[in-house]
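Novice: Just so you know, we're using this note's numbering here: the sequence shown kicks off at 7 and counts up by one.
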Amino acid sequence: MSVTVTINGQAVSVPDGATLLDACRSEKIDTPTLCYLENLTPVNACRVCVVEVEGSRTLVPACSRTAEEGMVVQTETDRVKHSRKMVLEFLASSVDLSTADSTLSGWMETYGADPSRYGPAAPPTGDRDQRHAGHHSAASGEVTETVAQPAKIDNGLYMRDYSKCILCYKCVEACGEDAQNTFAIAVAGRGFDARISTEFDVGLTDSACVFCGNCIGVCPTGALMFRSEYELRQAGVWDEDEQNVTRTVCSYCGVGCNLELHTQDNRIVKVTSPMDHSVTDGHLCIKGRFGYEYVQNLDDDLATTPIDVVLRGVREK
Ligand code: SF4
Ligand code: SF4
Ligand code: FES
Numbered sequence: 007m008s009v010t011v012t013i014n015g016q017a018v019s020v021p022d023g024a025t026l027l028d029a030c031r032s033e034k035i036d037t038p039t040l041c042y043l044e045n046l047t048p049v050n051a052c053r054v055c056v057v058e059v060e061g062s063r064t065l066v067p068a069c070s071r072t073a074e075e076g077m078v079v080q081t082e083t084d085r086v087k088h089s090r091k092m093v094l095e096f097l098a099s100s101v102d103l104s105t106a107d108s109t110l111s112g113w114m115e116t117y118g119a120d121p122s123r124y125g126p127a128a129p130p131t132g133d134r135d136q137r138h139a140g141h142h143s144a145a146s147g148e149v150t151e152t153v154a155q156p157a158k159i160d161n162g163l164y165m166r167d168y169s170k171c172i173l174c175y176k177c178v179e180a181c182g183e184d185a186q187n188t189f190a191i192a193v194a195g196r197g198f199d200a201r202i203s204t205e206f207d208v209g210l211t212d213s214a215c216v217f218c219g220n221c222i223g224v225c226p227t228g229a230l231m232f233r234s235e236y237e238l239r240q241a242g243v244w245d246e247d248e249q250n251v252t253r254t255v256c257s258y259c260g261v262g263c264n265l266e267l268h269t270q271d272n273r274i275v276k277v278t279s280p281m282d283h284s285v286t287d288g289h290l291c292i293k294g295r296f297g298y299e300y301v302q303n304l305d306d307d308l309a310t311t312p313i314d315v316v317l318r319g320v321r322e323k
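1) So Gln270 packs on Asp245, CB below 8 angstroms; how close in whole Å?
2) Contact between the stretch 54 to 62 and the stretch 174 to 182 is defined here as three or more beta-carbon pairs at a separation below 8 angstroms; is this criterion met?
3) Regarding Ser62 and ligand 3, is the C-beta to nearest heavy atom distance less than 8 angstroms?
4) Cutting at 8 angstroms between CB atoms, please list the residues of its own chain near Val101, excluding the five before and the five after it.
5) Measuring CB atoms only, is the stretch 72 to 85 touching the stretch 20 to 33, in the sense that at least three cross pairs come out at less than 8 angstroms?
6) Count the other C-beta atoms from every protein chain shown that fall within 10 angstroms of the C-beta of Phe217, then say buried if there are 16 or more, exposed otherwise.
7) Helix, strand or coil for Thr109, going by three-state DSSP, please let me know.
8) Inspect the beta-carbon positions of Ile159 and Tyr42 and report whether they are closer than 9 angstroms.
9) Let me make sure I understand the geometry here. Which of Tyr117, Pro67 and Ala73 has the alpha-carbon closest to that of Lys91?
10) Say the cut is 8 angstroms; is the CB of Pro226 nearer than that to a heavy atom of ligand 2?
11) So for Glu44, helix, strand or coil by DSSP?
12) Among His88, Cys225, Glu44 and Lys87, which one has its Cα closest to the Cα of Cys69?
13) What I want to know is whether the C-beta of Asn50 ends up closer than 8 angstroms to one or more non-hydrogen atoms of ligand 3.
14) Could you tell me whether the stretch 196 to 216 touches the stretch 133 to 152, where touching means 3 or more Cβ pairs closer than 8 angstroms?
15) Quick one: residues with CB closer than 6 angstroms to any heavy atom of ligand 4, in chain order, please.
16) To the nearest angstrom, report how far apart Ala157 and Cys263 are at their CA atoms.
Encoded structure:
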């Protein structure tokens with residue numbers, strides 16, 4: 007069964023159950039998304055994908071709205087473009103997007119988003135985890151409040167920098183019902199104070215986290231990052247142009263998860279999982295994601311030297 011909708015004046019047929027985003031993508035209509043990912047249930051958190059549907063009072067999120075027979079959809083109206091621009095501007099004015107997926111900066115350009123028009127960033131307050139819902143003071147209007155805060159580094163496998171968090175909920179979904187079913191993280195607080203947190207804001211090692219890293223795999227901004235990548239970036243030697251990605255099968259058990267080994271200067275620097283693999287759908291467990299040091303065949307000195315120091319040495323030779 008298929009349904010036919012009209013998008014920007016063109017009839018488009020999609021399978022029954024497909025979303026408006028599926029229909030737009032089938033016609034190669036560029037539709038920005040931030041909180042949507044093929045392997046997660048749509049949460050409608052970001053609203054950057056909105057389109058206009060005839061007869062609907064409000065704009066409609068394309069990522070979750072099922073296409074219905076006879077729907078008339080517009081994706082390029084001033085209202086749609088203005089809404090997308092505002093979403094991107096508000097996010098970019100308050101969040102550090104320096105390590106976000108490069109498609110995001112492309113959309114900023116497409117929609118003319120100019121976060122600088124809200125003024126300079128306010129100094130970081132550093133107290134976001136202690137805020138109580140509803141306790142706000144009036145804004146001065148001269149500076150832009152941001153989510154800037156110190157990075158959380160409490161274990162050897164991955165770090166969290168919520169200055170880069172756009173609150174897309176993807177990590178919460180991946181930790182919860184969509185993949186891991188661990189529920190170690192959730193959204194705490196309300197409004198601008200909303201943030202991703204462990205229970206009672208404890209460190210990851212004291213939380214329910216099992217260090218599968220599935221939250222890192224879905225994070226679109228680099229707020230969640232391998233410690234190896236973080237250390238290499240801090241040392242100024244992280245270089246994606248010099249990296250290779252090799253697809254292989256995890257050797258730890260018989261499930262057959264596919265791995266993508268990211269290597270730089272012949273060292274594995276991080277491990278991801280392909281989205282198009284039916285066994286894992288982009289997800290892994292702690293062994294596949296982080297248990298790779300044993301394949302590096304390093305001598306004792308190298309095995310105990312931090313990776314950023316090793317790669318810096320290689321580069322300087
Ligand atoms: S590493 Fe896994 S268990 Fe821990 S917070 Fe992320 S998704 Fe949840
Ligand atoms: S940490 Fe990353 S995945 Fe989680 S809500 Fe923030 S931006 Fe989204
Ligand atoms: S991508 Fe559709 S609401 Fe975020």
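Note that the Cβ used here is the ideal one computed from N, Cα and C, for glycine as well.
Specialist: On the basis of the coordinates in this document:
1) Numbered from 1 along the sequence shown, position 264 holds the residue referred to as residue 270. Numbered from 1 along the sequence shown, position 239 holds the residue referred to as residue 245. Gln270 to Asp245, Cβ: 6 angstroms. Contact.
2) no
3) On the sequence shown, residue 62 is found 56 positions in, with the first residue counted as 1. Outside the cutoff, so no.
4) Numbered from 1 along the sequence shown, position 95 holds the residue referred to as residue 101. Thr152, Val153, Ser169, Lys170, Cys171, Ile172 and Thr227.
5) yes
6) In the sequence shown, counting from the first residue as 1, residue 217 sits at position 211. It counts as buried.
7) Taking the sequence shown and counting its residues from 1, one reaches residue 109 at position 103. Here Thr109 sits in helix by DSSP.
8) Within the sequence shown, numbered from 1, the residue matching residue 159 stands at position 153. Within the sequence shown, numbered from 1, the residue matching residue 42 stands at position 36. Their beta carbons are not under 9 angstroms apart, which means Ile159 does not touch Tyr42 by this criterion.
9) The sequence position of residue 91 within the sequence shown is 85, counting from 1. Checking every option, the nearest Cα to that of Lys91 belongs to Tyr117.
10) Mapped onto the sequence shown, residue 226 falls at position 220. Because some heavy atom of ligand 2 lies under 8 angstroms away, the Cβ of Pro226 counts as near it: yes.
11) Position 38 of the sequence shown, counting from 1, holds the residue named residue 44. If DSSP states are grouped into helix, strand and coil, Glu44 belongs with coil.
12) Here the question's residue 69 lines up with position 63 in the sequence shown. Minimum Cα distance to Cys69 is reached at Glu44.
13) Along the sequence shown, one-based indexing puts residue 50 at 44. At least one heavy atom of ligand 3 lies less than 8 angstroms from the C-beta of Asn50.
14) yes
15) Summarising the ligand content, the structure contains ligand 1, ligand 2 and ligand 3 and does not contain ligand 4.
16) Residue mapping note: residue 157 aligns to position 151 of the sequence shown, counting from 1. Residue mapping note: residue 263 aligns to position 257 of the sequence shown, counting from 1. Taking the straight line from one Cα to the other gives about 31 angstroms.
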